[in-house]
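These protein sequence lines are chains A and B, in that order.
Be aware that the first sequence starts at 1, since it is given in our numbering, and climbs by one per residue.
Be aware that the second sequence starts at 305, since it is given in our numbering, and climbs by one per residue.
Just so you know, even glycine gets a beta-carbon here, dropped at the ideal spot from N, CA and C.
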Amino acid sequence: MKFTISSLTLVSLLVLIAPSKAAAFTAPDRGRLLLTGGVSALDGAGGGGLSTWALIGGLGTRDSFGIQARHTTFMTRDYRLTSPGVSLGLFNRLEWSYARLRLDETGGALEGARIEMDSHGLKLRLFGDAVLDQDQPWPQVSVGIQHKRNRGIQGLEGAGLRKATDVGARRNSDVEYYIAASKLLLARSVLLNGTVRFTRANQFGLAGFGGELGDSREAQFEGSIAWLLRRDLAVGVEFRSKPRNLALDREDDAHSLFAAWAPTKHASVTLAYANVGPIVSGNATTPLNRSDQRGVYLSFQLGY
Amino acid sequence: MRTYRWKQRSAVVLTAWTLALGLHAGSASSAGAAPPSLYEQLGGLPAIGKVIDTFLGVVGTDGRIAPSFANANMPRLRTLLIEQVCEATGGPCRYSGRDMKTSHNGMGITELQFNALAEALYLAMEREGVPYALQNRVMALLAPMHRDIIGP
C-alpha cells in the first residue's frame, strides 16, 4: 500500500518534470564530475556507506539520467551483511533506489539465523547544487522517503522466531523520512553532509521497527565529512545515530572511516571500517551478544 | 539514559561539524601575513598560459565540446581565457571580453558541456603539474559561471 503511494509519487513527479526534458532524454550522459553522485548507502540511496546524502545518485546531468548497481558486503565478528542494490537518478532531481539487505549471523548466540529486508527509496532534490554553487553559502538540500519491509527471520523457527515482531519489534515494515544537506567546499577540497532521519527502525530495519521502549519515529542524525585527495579518491568519516526501541537490544550509534575510489565514471569501490555497535545484545537478564560489531565494509558500484 | 544518549550524539555531531567548519575557517585566519595569491601559487602568467594551451588541446579532442569552438577565433579565445583565470585567481589582469552571459547567450550550452569544460580544465591543470588542492581552488572560482553559461 505504502509502496504504491511511492510509485504514484514517482509517476506524478515524472509527468511533471519529464515533458520539457523529453528531447534530451535519450541516453545517460555521465555528465557530472567524477564522484559527485556519491556512492550507494546501506539503505540504497545515494550517499556514503552509512549515511544518505542530498546528492542524486549517478552522474546524469539536469538533462539526462543515470543508472547504478552496487554490491556491498560488511563482515563483522558475528555477522555478515550482503546487499545488492540498484538506483536511478533522473535529471539530477529525483532518485529512485532499491536495496535488498541480507544479514547472516555467522557466530554468537543466534548463529545460523538469516534476516532479509527490502528497502525502496525516493529522493527529491529541493534546491541548491552542492558542486556548482561554489559562490553560495547554502547547501544542496533533498528530502527522501524510504519504505522498508523486513522479510523475516530464517533458521530460528525452532525457537518460534520467524518475524521481527517475534523479537519485540512492533512492526515488520515501515516508512521513514529524511531531509539531507550536502555542500562541497571545493576551495577546501571537503564535502560536508548532514541528514536528519525520522525513523523507528531497529538496526536499520533488520530487527524490525519500534519496540517495547518506543514506537514513534524519532529524529536521528547522520553526518559525514569527506576529503577529496584526488579527482578519483575521497576519504572520510561517517556517523549515524540509531534509535533504541528493543528491550533485547542495546542498540548503539554507528560510525565509519571510508575511502571511495572511482577509477572511471562507470565504476567505484568503497572500502570502509565500520562499527555499528552491538546487534541483538540481549539485556541484563538475557545476555546474548554484547560485542560491538565492527569490521570491513566493501562496496562495488557500476554505473551507466 | 535517553538524555545521556542524546547528549552523546549531540556532542559527536557538534564535534564533527565544528571540526569541519574550523578547517573551513582555518585558511582565512592563517591568511594574516599576506599569503601568496592563488595566481602566484599557480606560477603566474607563464604557468596559466601553459594550462590554457593544454586545455584548448583537450577541448579540441572532446567531441562533447569541440564543435562549440569550431568557429572560434583561437588566439583571441586563448588570450581571454588567460585573462579570465589570471583575474579570477588574483593576478594583475583585466578580462577584456564580453561577460559570460552575453557571450554564451543563445548558444544552448548544456550542463554536460559545462562539466566537460571543467573536466578538460582539471585534466589540463593535472598535466601541467598543478597540485589537486589548487585545481579545486581554481574550479571553485570558475564553477559559479554555470548560471551564466548553461542555457535555459
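If you follow the alpha helix (DSSP H) that residue i is part of, which residue opens it and which one closes it?
i	result
residue 357(B)	348 to 364
residue 442(B)	436 to 446
residue 90(A)	Not the alpha helix (DSSP H): residue 90(A) falls in the beta strand (DSSP E), residues 79 to 90.
residue 417(B)	415 to 431
residue 460(B)	In the structure displayed, chain B extends from 305 to 456; residue 460(B) sits before or after that span and is not available.
residue 384(B)	378 to 392
residue 256(A)	Residue 256(A) -> not in any alpha helix (DSSP H); beta strand (DSSP E) instead, spanning 254 to 264.
If residue i sits next to residue j, beta carbons under 8 Å apart, how far is it from one beta carbon to the other, in whole angstroms?
i	j	result
residue 130(A)	residue 43(A)	That pair is no contact at about 19 Å.
residue 213(A)	residue 172(A)	At roughly 18 Å, the Cβ-Cβ gap does not stay under 8 Å, so residue 213(A) and residue 172(A) are not in contact.
residue 65(A)	residue 90(A)	5 Å
residue 240(A)	residue 218(A)	That pair is no contact at about 13 Å.
residue 153(A)	residue 179(A)	In fact, because the Cβ distance is near 32 Å, the residues do not count as touching under 8 Å.
residue 215(A)	residue 170(A)	5 Å
residue 348(B)	residue 394(B)	Wrong, their Cβ atoms sit about 11 Å apart, outside the cutoff.
residue 247(A)	residue 168(A)	6 Å
residue 364(B)	residue 386(B)	Between residue 386(B) and residue 364(B) the Cβ distance is about 17 Å, and since that is not below 8 Å, they are no contact.
When the cut-off is 7 Å and only beta carbons count, does residue i lie next to chain B?
i	result
residue 182(A)	no
residue 189(A)	yes
residue 94(A)	no
residue 61(A)	yes
residue 29(A)	yes
residue 249(A)	no
residue 230(A)	yes
residue 135(A)	yes
residue 32(A)	yes
residue 132(A)	yes
residue 22(A)	With a pLDDT of 48 at residue 22(A), under the threshold of 50, the modelled position of that residue is not reliable, and the figure given next carries that caveat. It does not: the Cβ of residue 22(A) has no partner Cβ on chain B nearer than 7 Å.
residue 140(A)	no
residue 271(A)	no
residue 186(A)	yes
Would residue i pass as an interface residue toward chain A - the criterion being a Cβ-Cβ separation below 7 Å?
i	result
residue 428(B)	no
residue 365(B)	no
residue 349(B)	no
residue 447(B)	yes
residue 408(B)	no
residue 440(B)	yes
residue 393(B)	no
residue 443(B)	yes
residue 399(B)	no
residue 437(B)	yes
residue 375(B)	no
residue 414(B)	yes
residue 326(B)	Annotation note: pLDDT 48 at residue 326(B) (below 50); position unreliable, coordinate value reported separately. Answer no: the Cβ-Cβ gap between residue 326(B) and chain A never drops below 7 Å.
In terms of residue numbering, what span does the beta strand (DSSP E) encompassing residue i cover?
i	result
residue 297(A)	294 to 303
residue 101(A)	94 to 105
residue 35(A)	Element bounds for residue 35(A): n/a, residue is neither H nor E.
residue 411(B)	Element bounds for residue 411(B): n/a, residue is neither H nor E.
residue 279(A)	From DSSP, residue 279(A) is part of no beta strand (DSSP E); its letter is neither H nor E.
residue 125(A)	114 to 127
Nearest to residue i by alpha carbon, out of the options?
i	options	result
residue 224(A)	182(A), 294(A), 279(A), 176(A)	182(A)
residue 82(A)	29(A), 34(A), 70(A), 211(A)	70(A)
residue 226(A)	28(A), 39(A), 27(A), 32(A)	39(A)
residue 204(A)	106(A), 101(A), 152(A), 73(A)	101(A)
residue 143(A)	112(A), 84(A), 56(A), 77(A)	56(A)
residue 269(A)	254(A), 149(A), 296(A), 279(A)	296(A)
residue 437(B)	177(A), 166(A), 189(A), 135(A)	189(A)
residue 299(A)	50(A), 28(A), 275(A), 27(A)	50(A)
residue 86(A)	45(A), 53(A), 187(A), 104(A)	45(A)
residue 251(A)	187(A), 76(A), 201(A), 237(A)	201(A)
residue 31(A)	41(A), 52(A), 63(A), 48(A)	63(A)
residue 453(B)	389(B), 338(B), 412(B)	412(B)
residue 301(A)	125(A), 67(A), 220(A), 185(A)	67(A)
residue 275(A)	256(A), 150(A), 122(A)	256(A)
residue 29(A)	60(A), 52(A), 37(A), 149(A)	60(A)
residue 357(B)	451(B), 431(B), 440(B)	431(B)
Any heavy atom of the ligand SAH closer than 6 Å to the Cβ of residue i?
i	result
residue 381(B)	Looking at this structure, you won't find the ligand SAH or any other ligand, since it has none at all.
With contact counted as at least three CB pairs below 8 Å, one residue from each stretch, are the region 257 to 276 of chain A and the region 231 to 244 of chain A in contact? yes
For the structure I just gave you, are there three or more beta carbon pairs, one from the region 131 to 138 of chain A and one from the region 441 to 455 of chain B, closer than 8 Å? yes
How do the region 376 to 383 of chain B and the region 408 to 417 of chain B stand: do at least 3 beta-carbon pairs fall below 8 Å, yes or no? no
With three or more C-beta pairs closer than 8 Å as the rule, is the region 105 to 118 of chain A touching the region 280 to 296 of chain A? yes
Take every Cβ of the region 399 to 413 of chain B, pair it with every Cβ of the region 424 to 440 of chain B, and state whether three or more of those distances are shorter than 8 Å. no
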